[in-house]
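Visitor: The opening position of the sequence shown corresponds to residue 27 in this note's numbering, with each subsequent residue numbered one higher.
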Amino acid sequence: MQQVEEELGKLENSQDNYNQNYRNIQENLPQIDFRKAMHIIDIINNQFQRDVGAAFFLLEESYSMAGELLIYKIREELKSKTRSLKHIKVEISSNNSFDEFGLLASIGGYLSVSLTDDTNLIDCVNLIIKTISQSLQSGSVIFIELKKWDCLPYQDKILSWFIEEFWCSLIHECQVVATQKQLLRIKFIAIIDSESKLAPECKQLPCYCTQDDFTHTKILTLPLNIWELEDITTWLEYYSGLPAPEINLKAKQIHQKTMNGIPRMVCNLLEAEFQQ
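1. Using 10 angstroms around the beta-carbon of Met285, count the other beta-carbons present and answer buried if the total reaches 16, otherwise exposed.
2. Are the beta-carbon atoms of Leu162 and Cys194 separated by less than 8 Å?
3. Would DSSP call Thr247 helix, strand or coil?
4. CB His113 to CB Glu171, shorter than 8 Å?
5. Among residues of its own chain, excluding the 5 on either side of Trp261, which ones have a beta-carbon nearer than 7 Å to its beta-carbon?
6. Tell me the residue span of the beta strand (DSSP E) that contains Glu191.
7. Does DSSP classify Asp219 as helix, strand or coil?
8. Helix, strand or coil, according to DSSP, for Val116 in the structure here?
9. Mind checking whether Leu248 and Ala63 have CB atoms under 8 Å apart?
10. For the alpha helix (DSSP H) that Leu95 lies in, which residues bound it at each end?
11. Start and end of the beta strand (DSSP E) containing Ile154?
12. May I ask you to report which of helix, strand or coil DSSP gives Phe214?
13. According to the neighbour-count rule (16 or more other Cβ atoms, all chains shown, within 10 Å of its Cβ), is Gly287 buried or exposed?
14. With 16 as the cutoff for other CB atoms within 10 Å, does Ala216 come out buried or exposed?
15. Tell me, to the nearest whole angstrom, how far the beta carbon of Leu96 is from that of Leu55; I am working on the premise that it is less than 8 Å.
16. Grab me the residues of Ser186's own chain with a C-beta within less than 8 Å of its C-beta, minus the 5 sequence neighbours each way, in chain order.
17. Can you give me the C-alpha to C-alpha distance between Pro289 and Lys276, rounded to a whole angstrom?
18. Whose C-alpha, out of Ala92, Ser164, Glu103, is nearest the C-alpha of Lys207?
19. Give every residue of the same chain whose Cβ lies closer than 7 Å to the Cβ of His242, excluding the five residues on either side of it in the sequence, and list them in chain order.
20. I'd like the span of the beta strand (DSSP E) that includes Lys173, first residue to last.
21. For Leu84, which residues from the same chain have a beta carbon less than 6 Å from its beta carbon, with the 5 sequence-adjacent residues on both sides left out?
22. Between Glu256 and Asp182, how many whole angstroms is the CB-CB distance? I'm expecting something under 8 Å.
23. Can you tell which of Ile252, Lys213, Glu103 has its C-alpha closest to the C-alpha of Cys293?
24. With DSSP run on the structure shown, which of helix, strand or coil describes Tyr136?
25. Just to check my reading of the structure: Ile158 and Leu137 have Cβ atoms closer than 8 Å, yes? What is that Cβ distance to the nearest angstrom?
26. So, under 8 Å CB-CB, Leu224 and Val167 are touching, yes? Tell me the CB distance rounded to an integer number of Å.
27. Looking at the structure shown, is Tyr264 part of a helix, part of a strand, or coil, going by DSSP?
28. Buried or exposed: which applies to Glu102, given that a residue is buried once 16 or more other Cβ atoms fall within 10 Å of its Cβ?
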């Protein structure tokens, strides 16, 4: 009996170590390389006014490029600068009928706002905007994450509507409220997370800006890049615990096996390597 208990104890410890290794890998993967995107975000953040700042970002091909790790970094950075982060996460599914009302209903769910099918769309927009604006205090950060946008059947129509009728109206109303209540350091960050490229029709819309002509009323695309050998090597130096010769060898192997650093493939390989 004692031997059985000892064996069970070893199995439990082994499972605990496995789970801890997995958590460590997940927590540290975002550190590999999103320097360009984070640099752009820092520049935009420094342009924000003292009362209300807002930015709308786009990630394309985020599945293969591990865009969720960048979103994690952004969220953690926002969290570190406020005591009041509201993260509104809408995950679009091809199994659901997602339209303008569906988006609003999902956002409303995070705000404890119930929308009924017979409610006018404009009234739904106004109700959600009022709920958000009335909840603001100095230092509030609202982070809206729209996942799997490429699952929408009419991407261009809904994108145009969301920007013009919801996003711009939201920021305008919150600027008014911030002025009335003398609130400071309020931030709004929205991200469209598209696992593949947006539909070609979306690209024809006049709702995009660049870093040089940035405006909160338009969308700025953030770059997602392949990971260089140097990036993988540096990550291994910090997080693998391996000696230098093994780090150099493993970094080269990982870079080669992942078609020269495709992020999703790198993540999968690192998880497999360090869970053993």
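Don't be surprised by glycine CBs; every beta carbon is placed ideally from N, CA and C.
Guide: On the basis of the coordinates in this document:
1. Exposed.
2. Not in contact: Leu162 and Cys194 (Cβ atoms no closer than 8 Å).
3. When DSSP states are grouped into helix, strand and coil, Thr247 belongs to the strand group.
4. Against a cut-off of 8 Å, the Cβ pair of Glu171 and His113 comes out as a contact.
5. Leaving aside the five residues that flank Trp261 on each side, the residues in its chain whose CB is nearer than 7 Å to its CB run, in chain order, Gln57, Ile58.
6. Counted as a single uninterrupted DSSP element, the stretch harbouring Glu191 is not any beta strand (DSSP E), since DSSP gives it neither H nor E.
7. Asp219 falls in the strand class under three-state DSSP.
8. Strand.
9. In contact: Leu248 and Ala63 (Cβ atoms closer than 8 Å).
10. From DSSP, the alpha helix (DSSP H) with Leu95 extends over 93–105.
11. Counting along the chain, Ile154 falls outside any beta strand (DSSP E), though it belongs to the alpha helix (DSSP H) covering 147–160.
12. Here Phe214 sits in strand by DSSP.
13. Counting every other CB atom within 10 Å of its CB across the protein chains shown gives Gly287 a total of 16 or more, marking it as buried.
14. Sixteen is the threshold: when 16 or more other Cβ atoms of the shown chains lie within 10 Å of the Cβ of Ala216, as they do, the residue is buried.
15. Wrong, their Cβ atoms sit about 11 Å apart, outside the cutoff.
16. Within the same chain, Ser186 has close Cβ partners Leu231, Cys233.
17. If you draw a straight line from the Cα of Pro289 to the Cα of Lys276, it comes to about 16 Å.
18. Nearest to Lys207 by alpha-carbon distance, out of Ala92, Ser164, Glu103, is Ser164.
19. Beyond the five residues adjoining it in sequence on each side, His242 comes within less than 7 Å, by CB distance, of Ala80, Ala81, Phe82, Ile197 in the same chain, given in chain order.
20. First-last of the beta strand (DSSP E) with Lys173: 167–173.
21. The answer, listed in chain order, is Ile218, Ile245, Thr247.
22. 39 Å between Cβ atoms; not a contact.
23. Comparing Cα-Cα distances from Cys293 to each of Ile252, Lys213, Glu103, the minimum goes to Ile252.
24. The answer is helix: DSSP assigns Tyr136 an H, G or I state.
25. For a cut-off of 8 Å, the C-beta gap from Ile158 to Leu137 is around 7 Å, short enough to register as a contact.
26. In this structure Leu224 does not touch Val167 by the C-beta definition: roughly 26 Å separates them, more than the 8 Å allowed.
27. Helix at Tyr264.
28. In summary, Glu102 is exposed, with fewer than 16 beta-carbon neighbours lying within 10 Å of its beta-carbon over all protein chains present.
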